[in-house]
Amino acid sequence: MSSNNNLNEEEEILFFYEDPKSFDEKNLYEVNRAPWFYHLINVLGLTKDNFMEIKHMVEDKKNNILNLINYKSYTDNYLKKNDTMKNMLCAYLYSCKTSLYEYSKNINSEQNIHFFFTFGNITADLDSVCSSIIYSFFLFIWYSLKTNLIGKKKDDPLMFFIPVINIKKNDMKLKILIIWWLEKCGIENPEELLIFNDDLNLLEVLKNDTKYDTCLVDFNKSENNCVYNINNIKSIIDHHILNEEMKNKKITKSVFPIYVCSCMVIIAYFYKYSSEFLGISLLNRDIMWLIYGTMLKDSNNFPKDDFRKRWIQSDLNIYLSMKKYFRIPDIMDIYITQKFNNIRFSIDLKKFGIENLLFVDYKDYNYDIQGKKFTIRICSLDFSVESILSHENVDTLVNKMCELCEENKFAAFILMGSYMINYVFHKDIGLLFFNEDITKDKLLTALIANQDINLCEKGFKKITCKNESRNIDLFQINNTSYSRKRLECFLININLMEEKTKNVELITSDFIENEILEKYDIFSKAYSLGKIRVLLPWRGSFRKNLDDSKKKKYIKFNST
1 MSSNNNLNEE
11 EEILFFYEDP
21 KSFDEKNLYE
31 VNRAPWFYHL
41 INVLGLTKDN
51 FMEIKHMVED
61 KKNNILNLIN
71 YKSYTDNYLK
81 KNDTMKNMLC
91 AYLYSCKTSL
101 YEYSKNINSE
111 QNIHFFFTFG
121 NITADLDSVC
131 SSIIYSFFLF
141 IWYSLKTNLI
151 GKKKDDPLMF
161 FIPVINIKKN
171 DMKLKILIIW
181 WLEKCGIENP
191 EELLIFNDDL
201 NLLEVLKNDT
211 KYDTCLVDFN
221 KSENNCVYNI
231 NNIKSIIDHH
241 ILNEEMKNKK
251 ITKSVFPIYV
261 CSCMVIIAYF
271 YKYSSEFLGI
281 SLLNRDIMWL
291 IYGTMLKDSN
301 NFPKDDFRKR
311 WIQSDLNIYL
321 SMKKYFRIPD
331 IMDIYITQKF
341 NNIRFSIDLK
351 KFGIENLLFV
361 DYKDYNYDIQ
371 GKKFTIRICS
381 LDFSVESILS
391 HENVDTLVNK
401 MCELCEENKF
411 AAFILMGSYM
421 INYVFHKDIG
431 LLFFNEDITK
441 DKLLTALIAN
451 QDINLCEKGF
461 KKITCKNESR
471 NIDLFQINNT
481 SYSRKRLECF
491 LININLMEEK
501 TKNVELITSD
511 FIENEILEKY
521 DIFSKAYSLG
531 KIRVLLPWRG
541 SFRKNLDDSK
551 KKKYIKFNST
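All residue numbers for the sequence shown refer to the UniProt record's numbering, where the first residue is 1 and numbers rise by one.
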């Protein structure tokens, strides 16, 4: 075998096909990158024999997957109740809503029912929202295959698989980009169709721990004041650093490195490999667009300079596979990417409210260093931080930041800005240190020394919090591929370094990269720059990549 072939095999080390026949029961909770069928075994109780039985029945019937699970009659039934729905995914979401309403009323009765809730993260970004929907539907398909082809045992509960958007319903209006994309995918009026974490019927079910299980999608640490019982977490799908508290619990975990561009990539491989096992596609165009658009947005259409920074070869492989078999033209990728960026960077702050920017896309990071606990909030903005702090209504934003810091006892509030000037992408950052839990000088010195983020000082903005003068330190981020996830890793390593060595003044980028690689296994040696050649659409021709993909064992995602 040639060296090039060896490299291509190494590239795919993160995602590769595994057969249910290889399942080892002792690994159900032990492995951190569990393959697709581990989740079906844990959630649905499928056995090796069940998988083979379903496979043989699917092969005998030679029909598309939605016909096999009688989805047309299922959809028609809900279309009669609500004729505004445009496609089968709408019908599925509507069924989730009506089933939750109907069965939550008598949740404490002896009815043999069980709910499985898929919670996205509290940021509720596009990846989180779409991934929770698509993973829930994946479980629904396999549950339907099990009940329709094998049959339901007398003591088997009636199960419902329901995605939960992990914000309050009223906050959905802030998610302008997500609403636009869901509506483009045929999910009209998503604020009314989706289920949010303050849904009264949901909260009623969550009072009874024996009637539900949960999956965490696009995060793997239970939030403060979460509405569900953390002991009911049954599975995790994520591309962030695996939290220590989850490692030894009886949870099926598919947790991949942070360099995987989107949590949706993991779920897309679930569809691909389970389709490969059955010999029939689990996807149709309704489902495909949610998956495709999410990967496109999170990779920003796979620019070459972002390789190994924002996306990796495995992301591109599944993207090209779907692009090929659904015959999606290149111009569509350009159109969707431009629309995403136009919507992101054209918010009218007078109508939107400048303070609402703080709630569009944020995450809180909790630290416990030498017994001292503190929290840092990092908020992503689709504006220049410098320009926002010069806005006429900046006092409204600053007052809200200070209020949040005081209420939540944040040690620091970090703003990461993304913006465009003459169609060129830029990033900057502002840091507000609210108390003395963090040594400001050490953190700033370490950030400036970090070649990965590549900062350039822009000065500071003087603000007033509760009659007290403070500074927000401003920097230009010269590496436009730098993400909040990578800043999270950076902060973790600073904390680890302080815990190990009190006299260290600088944390270099080399230390950070090596520490992350060693401690979290974030990137395989196969991806080391200088050792790998990748198939990129801008090298040679795009068509050549698609032709090359034919030679690989890709399942055909035929339109249904």
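A virtual CB, placed ideally from N, CA and C, is assigned to each residue, including glycine.
These numbers were taken from a predicted model, which means no experiment stands behind them.
Assuming residue i and residue j form a contact by the criterion Cβ under 8 Å, report the distance between their Cβ atoms to the nearest whole angstrom.
{"i": "serine 481", "j": "aspartate 306", "result": "5 Å"}
{"i": "valine 260", "j": "aspartate 315", "result": "6 Å"}
{"i": "aspartate 238", "j": "aspartate 218", "result": "6 Å"}
{"i": "isoleucine 178", "j": "leucine 126", "result": "5 Å"}
{"i": "glycine 144", "j": "isoleucine 162", "result": "According to the sequence displayed, residue 144 carries serine and not glycine. Serine 144 to isoleucine 162, Cβ: 15 Å. No contact."}
{"i": "phenylalanine 433", "j": "lysine 442", "result": "That belief does not hold up - the Cβ atoms of phenylalanine 433 and lysine 442 are roughly 11 Å apart, past 8 Å."}
{"i": "valine 43", "j": "leucine 278", "result": "The Cβ separation is near 18 Å, so there is no contact."}
{"i": "cysteine 90", "j": "isoleucine 187", "result": "6 Å"}
{"i": "threonine 375", "j": "phenylalanine 410", "result": "5 Å"}
{"i": "glutamate 392", "j": "lysine 458", "result": "Contact flag wrong, Cβ pair sits at about 20 Å."}
{"i": "isoleucine 414", "j": "arginine 377", "result": "7 Å"}
Is residue i helix, strand or coil by DSSP?
{"i": "histidine 114", "result": "strand"}
{"i": "phenylalanine 137", "result": "helix"}
{"i": "glutamate 223", "result": "coil"}
{"i": "alanine 412", "result": "strand"}
{"i": "phenylalanine 16", "result": "coil"}
{"i": "glutamine 338", "result": "helix"}
{"i": "glutamine 451", "result": "coil"}
{"i": "phenylalanine 352", "result": "helix"}
{"i": "threonine 294", "result": "helix"}
{"i": "lysine 372", "result": "strand"}
{"i": "glutamate 498", "result": "Because glutamate 498 carries a pLDDT of 44, less than 50, the predicted location of this residue cannot be relied on, and no value is offered for it."}
{"i": "tyrosine 228", "result": "coil"}
{"i": "tyrosine 367", "result": "strand"}
{"i": "glutamate 468", "result": "strand"}
{"i": "leucine 282", "result": "coil"}
{"i": "threonine 445", "result": "helix"}
{"i": "lysine 400", "result": "helix"}
{"i": "leucine 491", "result": "helix"}
{"i": "lysine 461", "result": "strand"}
{"i": "leucine 158", "result": "strand"}
Around the C-beta of residue i, are 16 or more other C-beta atoms found within 10 angstroms, so that it is buried, or is it exposed?
{"i": "glutamine 313", "result": "buried"}
{"i": "arginine 327", "result": "exposed"}
{"i": "glutamate 518", "result": "Note on glutamate 518: pLDDT 35, under 50, position unreliable in the model; no value is reported."}
{"i": "histidine 56", "result": "exposed"}
{"i": "asparagine 30", "result": "Inspection of the sequence shows that residue 30 is occupied by glutamate rather than by asparagine. Exposed, because fewer than 16 other Cβ atoms sit within 10 Å of the Cβ of glutamate 30."}
{"i": "lysine 500", "result": "Annotation note: pLDDT 43 at lysine 500 (below 50); position unreliable, no value reported."}
{"i": "residue 634", "result": "Limits of the chain in this structure are 1 at one end and 560 at the other, which puts residue 634 out of reach."}
{"i": "isoleucine 421", "result": "exposed"}
{"i": "asparagine 208", "result": "exposed"}
{"i": "serine 22", "result": "exposed"}
{"i": "isoleucine 13", "result": "exposed"}
{"i": "isoleucine 334", "result": "exposed"}
{"i": "asparagine 108", "result": "exposed"}
Taking C-alpha atoms, which residue in the options lies nearest to residue i?
{"i": "serine 390", "options": "Tyr365, Leu474, Gly293", "result": "Leu474"}
{"i": "lysine 372", "options": "Glu436, Lys146, Leu68, Ile65", "result": "Glu436"}
{"i": "tyrosine 101", "options": "Leu202, Arg285, Asp49", "result": "Leu202"}
{"i": "phenylalanine 119", "options": "Glu192, Asn166, Met88, Phe270", "result": "Asn166"}
{"i": "lysine 461", "options": "Leu431, Ser483, Phe490, Arg486", "result": "Leu431"}
{"i": "glycine 45", "options": "Glu25, Arg33, Glu59, Asn32", "result": "Glu25"}
{"i": "leucine 296", "options": "Ile287, Arg308, Ile336", "result": "Ile336"}
{"i": "phenylalanine 425", "options": "Asp19, Thr464, Glu407, Ile477", "result": "Ile477"}
{"i": "methionine 322", "options": "Lys21, Ile291, Phe37", "result": "Ile291"}
{"i": "isoleucine 287", "options": "Leu182, Lys249, His39", "result": "Leu182"}
{"i": "valine 360", "options": "Leu174, Asn197, Ile347", "result": "Leu174"}
{"i": "leucine 149", "options": "Leu447, Ile54, Ile113, Ile463", "result": "Ile54"}
{"i": "proline 35", "options": "Ser235, Asn64, Thr210, Ile241", "result": "Ser235"}
{"i": "isoleucine 267", "options": "Ile414, Lys304, Ile107, His39", "result": "His39"}
{"i": "asparagine 67", "options": "Lys351, Asn300, Leu283, Ser274", "result": "Leu283"}
{"i": "asparagine 220", "options": "Pro303, Lys363, Leu404, Asp428", "result": "Lys363"}
{"i": "tyrosine 228", "options": "Ile241, Leu242, Asp213", "result": "Asp213"}
{"i": "cysteine 489", "options": "Tyr423, Trp289, Tyr367, Asp49", "result": "Tyr367"}
Opposite residue i in the DSSP bridges: which residues?
{"i": "proline 163", "result": "Thr118"}
{"i": "glycine 430", "result": "Leu415, Leu474"}
{"i": "cysteine 456", "result": "Gln476"}
{"i": "aspartate 213", "result": "Phe116"}
{"i": "tryptophan 311", "result": "Phe307"}
{"i": "methionine 420", "result": "Phe425"}
{"i": "tyrosine 362", "result": "Cys379"}
{"i": "leucine 89", "result": "Looking at the DSSP assignment, leucine 89 forms no beta bridge with any residue, so it has no partner."}
{"i": "serine 254", "result": "Arg33, Ile237"}
{"i": "phenylalanine 196", "result": "Ile165"}
Quick check: does the Cβ of residue i come within less than 7 Å of any heavy atom belonging to the ligand ATP?
{"i": "glycine 430", "result": "The model on display carries no ligand, and the ligand ATP is accordingly not part of it."}
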